[in-house]
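J.: Submitted below is the structure of interest, expressed as structure tokens.
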Amino acid sequence: MLHTKGIVFRVTRYRESSVIADIYTEEKGLQSFLMNSVYGAKTSRLSALFQVGQLVDLVTYFSDKKDIHRIKEIASDYLCLEIPNHIVKSAMATFMIELCRHAIRDQTSNRELFQFIKRCIMLLDHQEVADPNFHLKFMIRLSAILGFQLQNNFGGENESFDLLNAVFTSYNERDPYHMHPSLSRLLSALLRDQTEHIDYENRQLLLQWLLQYYRIHVENFGELKSPQVYKRIF
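Quick note, this note's numbering runs 856 ahead of the 1-based positions in the sequence shown.
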């Protein structure tokens, strides 16, 4: 038996009333779980817990010899009040979880990573006004925990961010991995966590560059669906 906190990454309906869920757990990393009787007239509370990004508390029949583990009990660890009802926050949370799902495959405990994701979801939920750059800051901080941190040595001749080497360097416009200096300056401000106005166009450009950065540094990262789906929202 395993009792652990978890973050719902993906949910697949199984047969008529069951689900198979990929949940990032505090104790065992990313794992797949099965639960029966989730959908039905009397189980609306239960089905609400199986939503992407939900923070849950699990009791499971866990076995290292199995790929899918059965859930005995599930409850809310923290109830998000704003994210489900706020279109921008909901879109950002969906993107953040999809990013994690593509970047994290470890089936071992990483409490620092777990607590980081949990704190970010709670912070997003608590914000009175959604920070339009929240998802970009999340990408930057997540990369550091995953081991490919962006180095902020911006200044002087180091005016262009180099995606391959994760540092700012002199700009070579022929190099497809060199970010334009004007965009690099905005990235440097984000790295310093400064409050900087970034317009929609530059925010979209930074998102695409950072996604490319992840593709370079995370094996088999693949393509995310949510940036295109929510392109007009954040």
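Just so you know, even glycine gets a beta-carbon here, dropped at the ideal spot from N, CA and C.
Just so it is clear, the structure is predicted and the values come from calculations on it, not from any experiment.
1. Just checking, does the stretch 954-974 make contact with the stretch 990-1001 on the three C-beta pairs under 8 Å criterion?
2. Tell me whether the beta-carbon of Asp-933 lies closer than 8 Å to the beta-carbon of Val-912.
3. Just the Cα atoms here: how many angstroms apart are Glu-954 and Leu-979?
4. Which runs of the alpha helix (DSSP H) fall wholly inside the stretch 880-922 and span at least 4 residues, in chain order?
5. Expressed to the nearest angstrom, what Euclidean distance is found between the alpha-carbon atoms of Arg-1041 and Glu-1015?
6. Which residue wins for smallest C-alpha separation from His-859, given the options Val-867, Gly-909, Ile-927, Val-908?
7. To the nearest angstrom, how far is the alpha carbon of Lys-993 from that of Arg-1048?
8. I want to know whether the stretch 879-890 touches the stretch 910-924 - three or more CB-CB distances under 8 Å.
9. Counting only runs of 3+ residues fully inside the stretch 972-1054, write out the beta strand (DSSP E) ranges in chain order.
10. Answer yes or no: do Lys-945 and Ala-904 have a C-beta to C-beta separation smaller than 8 Å?
11. Between the alpha carbons of Ala-1045 and Leu-1066, how many angstroms are there, rounded?
12. Could you pull the start and end residues of the alpha helix (DSSP H) that Tyr-1086 belongs to?
13. What are the boundary residues of the beta strand (DSSP E) that Lys-928 is part of?
14. Using beta-carbon positions only, say whether Phe-1017 and Leu-1043 come within less than 8 Å of one another.
15. Can the beta-carbon of Ile-863 be found less than 8 Å from the beta-carbon of Ile-973?
16. So, at 6 Å on beta carbons, what are the nonlocal neighbours of Phe-1010 in its own chain, with the 5 sequence-adjacent residues on each side left out?
17. Taking 8 Å as the limit between beta carbons, can you name the residues of its chain near His-942, skipping five residues before and five after?
18. Between Ile-977 and Gly-885, is the Cβ-Cβ spacing less than 8 Å?
19. Are the CB atoms of Leu-1039 and Leu-1061 within a distance shorter than 8 Å?
20. In this structure, how does DSSP classify Thr-950 when only helix, strand and coil are distinguished?
21. Quick one: Cα of Ile-876 to Cα of Gln-1084, how far?
22. Mapping DSSP to helix, strand and coil, what is Phe-865?
23. Can you tell me the Cα-Cα spacing of Gln-1007 and Met-948, whole angstroms?
T.: This is what the structure gives:
1. yes
2. yes
3. 18 Å
4. 900-905
5. 7 Å
6. Ile-927
7. 10 Å
8. yes
9. 1016-1018, 1023-1025
10. no
11. 14 Å
12. From DSSP, Tyr-1086 is part of no alpha helix (DSSP H); its letter is neither H nor E.
13. 924-934
14. yes
15. yes
16. Phe-1024, Ser-1044
17. Ala-986
18. no
19. yes
20. helix
21. 26 Å
22. strand
23. 25 Å
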